[in-house]
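Participant: For the sequence shown, UniProt numbering gives the first residue as 1, with consecutive numbering after it.
Virtual Cβ for every residue (Gly too), placed ideally from N, Cα, C.
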Amino acid sequence: MTAGTSLAGREAAGPARSLSAAELAAVRADFPVLGRTVRERPLVYLDSAATAQKPQCVIDAEVEFYERHNAAVHRGAHALAEEATEAFEGARAAVAAFVGVDPDEIVWTKNATEALNVVTYAISNASLGRGGEAARRLAVGPGDEIVVTEAEHHANLVPWQELCARTGATLRWIGLTDDGRLDPATYGVITERTRVVALTHASNVTGAVSPVADVVALARGVGALVVLDACQSVPHLPVDLRALDVDLAAFSGHKMLGPTGVGVLYGRRELLAAMPPVLTGGSMVQVVTMESSTYADAPARFEAGTQMVAQAVGLGAAAGYLAELGMGAVAEHEARLTRLLLDGVASVPGVRIVGPADAADRLAVVSFTVDGVHPHDVGQVLDDSGIAVRVGHHCAQPVHRRLGVPSSARASAGVYTTAEEIEAFVEALGRVRHFFGVDHG
């Protein structure tokens, strides 16, 4: 199934439904890597929370760009430069439409980590007086507080720690319940001193979806900016950033079937206009003299230097592919997989789920520990069966620390995952403790 085929317009036609068996088979046929074997077994890829596999249309979009349209964008008057610019900005429009915002509110970055660092460094620059009066509303300093959550992965935690270190602001956080959801009893950390609230839309460890509306309401009540880490939600749920009423958001291309090397920073138009630039140089300026420079309007002011054009074009193709599947259908399909993963992991003796055991407000991201077996050894045994999962702390050490485990194994599904693959995973997981001789201990 490629762009422009029969699933287009499904969500406009009525309530979302899950993918049929035939539709899922067509989706899988679009992903070349899913046809290969690993360790002489059919590949079962359950590491989509780390990075998703790529459909042929994304691969083709990048290849076609290099074969037919490669040129620097926004410069040059020749035909290739015009074609490259059209493809680059067309991809921006496709991604913007996918998350319900306008193209000039989308900034290309290398990845979500860079996008979040752009936000924190822009605030840092504003705190130093850069950006003039327009940027003053962003400035933070001693006495101000920035609120994150204990569910954040490092990309949405460390940059805020660094911002506090540079400005004297204080970092506070919303805690987690014992099953890994945001704890409403700790929402009191959002006070009149709060200038920014930065939270994940969905945890890459527990799979729990955050109650964004509740947190946004609290932040609005004290005039704080809201920054959303949407890395795990945009590939799996219908996401309308305007409807969510967040000020800024970040997500990565490679997790939503797109290439590596490209990410997205969304910002309200008026906010991007007020933010001082972070990376400076060519392509982000208006007038440059030997003494000073003036800067282009957003998004160009945040896109210094030669951009990742082919990757952006590939991400545009990924957004188009998912849009045609219908994110309602994707979410329904993955909700079924969530239940299968939870039930399957819970059925294996000696295995503990790290995160909510129920499927409500949860993605098909299931982290777990196996009694008496290190997660890396769990991953090795599963790999021997051709099953790819993630092991370690998943760039989220505080989450693991809060939930009482140093690390975990994680199975995460994508739109191309089947129930049969989850059955194969659960069967292999059931052999792990026996393999290490700990199932009778």
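Measure the C-alpha to C-alpha separation of residue 338 and residue 350 and round it to an integer number of angstroms.
Facilitator: 20 Å
Participant: Please check the pair residue 370 and residue 432, which I expect to be a contact at CB under 8 Å, by giving their CB distance rounded to whole angstroms.
Facilitator: Right, their Cβ atoms sit about 5 Å apart.
Participant: Starting from residue 167, trace the alpha helix (DSSP H) both ways and give me its first and last residue.
Facilitator: 158 to 167
Participant: Where do the ends of the beta strand (DSSP E) carrying residue 366 lie?
Facilitator: 365 to 370
Participant: Rounded to a whole number of angstroms, what is the C-alpha to C-alpha distance between residue 19 and residue 336?
Facilitator: 10 Å
Participant: Using the C-alpha atoms, what's the distance from residue 249 back to residue 272?
Facilitator: 12 Å
Participant: Report buried or exposed for residue 434, applying the criterion of at least 16 other Cβ atoms within 10 angstroms of its Cβ.
Facilitator: exposed
Participant: Could you pull the start and end residues of the beta strand (DSSP E) that residue 198 belongs to?
Facilitator: 194 to 200
Participant: Would you check if the distance between the CB atom of residue 206 and the CB atom of residue 399 is smaller than 8 Å?
Facilitator: yes
Participant: Run the CB neighbour count on residue 33, radius 10 Å, all protein chains shown included, and call it buried at 16 or more, exposed below.
Facilitator: exposed
Participant: Could you tell me whether the region 132 to 152 touches the region 192 to 203, using the rule of 3 or more Cβ pairs below 8 Å?
Facilitator: yes
Participant: Output the boundary residues of the alpha helix (DSSP H) element that contains residue 226.
Facilitator: First-last for residue 226: 225 to 229, but that is the beta strand (DSSP E), not the alpha helix (DSSP H).
Participant: Give me whichever residues DSSP pairs with residue 42 in a beta bridge.
Facilitator: Answer by DSSP bridge pairing, in chain order: 37.
Participant: At which residues does the alpha helix (DSSP H) containing residue 123 begin and terminate?
Facilitator: 112 to 127
Participant: Mind checking residue 155: buried by the 16 CB within 10 Å criterion, or exposed?
Facilitator: buried
Participant: Counting pairs of beta carbons, one from the region 297 to 309 and one from the region 275 to 284, are three or more of them closer than 8 Å?
Facilitator: yes
Participant: On the CB-based measure, 16 or more other CB atoms within 10 Å of its CB, does residue 120 come out buried or exposed?
Facilitator: buried
Participant: Taking the beta strand (DSSP E) that residue 249 belongs to, which residues open and close that run?
Facilitator: 248 to 252
Participant: Report the CB separation of residue 65 from residue 216 in whole angstroms; it is logged as a contact under 8 Å.
Facilitator: No, residue 65 and residue 216 are not in contact; Cβ-Cβ is about 37 Å, not under 8 Å.
Participant: Can you tell me which of 53, 85, 52 puts its alpha carbon nearest to the alpha carbon of residue 68?
Facilitator: 85
Participant: With respect to the beta strand (DSSP E) encompassing residue 146, which residues constitute its N-terminal and C-terminal limits?
Facilitator: From DSSP, the beta strand (DSSP E) with residue 146 extends over 145 to 149.
Participant: Under 6 Å Cβ to Cβ from residue 139, same chain only, skipping five residues before and after it: list those, please.
Facilitator: Excluding sequence neighbours, residue 139 sits near 126, 127.
Participant: Secondary structure at residue 410, three-state DSSP: helix, strand or coil?
Facilitator: DSSP places residue 410 in strand when its eight states are reduced to three.
Participant: Taking the CB atoms as reference points, tell me whether residue 437 and residue 179 lie closer together than 8 Å.
Facilitator: no
Participant: Quick check on DSSP: helix, strand or coil for residue 176?
Facilitator: strand
Participant: At the level of alpha carbons, what is the spacing between residue 118 and residue 291?
Facilitator: 25 Å
Participant: Which of helix, strand or coil does DSSP assign to residue 344?
Facilitator: helix
Participant: In whole angstroms, what is the alpha-carbon distance linking residue 44 and residue 181?
Facilitator: 28 Å
Participant: Distance check for residue 286 and residue 318, CA to CA, integer angstroms please.
Facilitator: 32 Å
Participant: Once you ignore the five residues that flank residue 41 on each side, which residues in its own chain have a CB closer than 7 Å to its CB?
Facilitator: Apart from the 5 residues on each side of it in sequence, residue 41 sits with its Cβ closer than 7 Å to the Cβ of 385, 386 in its chain, given in chain order.
Participant: Closest to residue 98 by C-alpha separation, out of 297, 222, 294, 320, would be which residue?
Facilitator: 320
Participant: Given this structure, state the Cα-to-Cα distance separating residue 26 from residue 234, to the nearest angstrom.
Facilitator: 22 Å
Participant: Just tell me which of 373, 239, 134, 35 has its CA closest to the CA of residue 407.
Facilitator: 373
Participant: Are there 16 or more other CB atoms within 10 angstroms of the CB of residue 394, so buried, or fewer, so exposed?
Facilitator: By the neighbour-count rule (16 or more Cβ atoms within 10 Å), residue 394 is buried.
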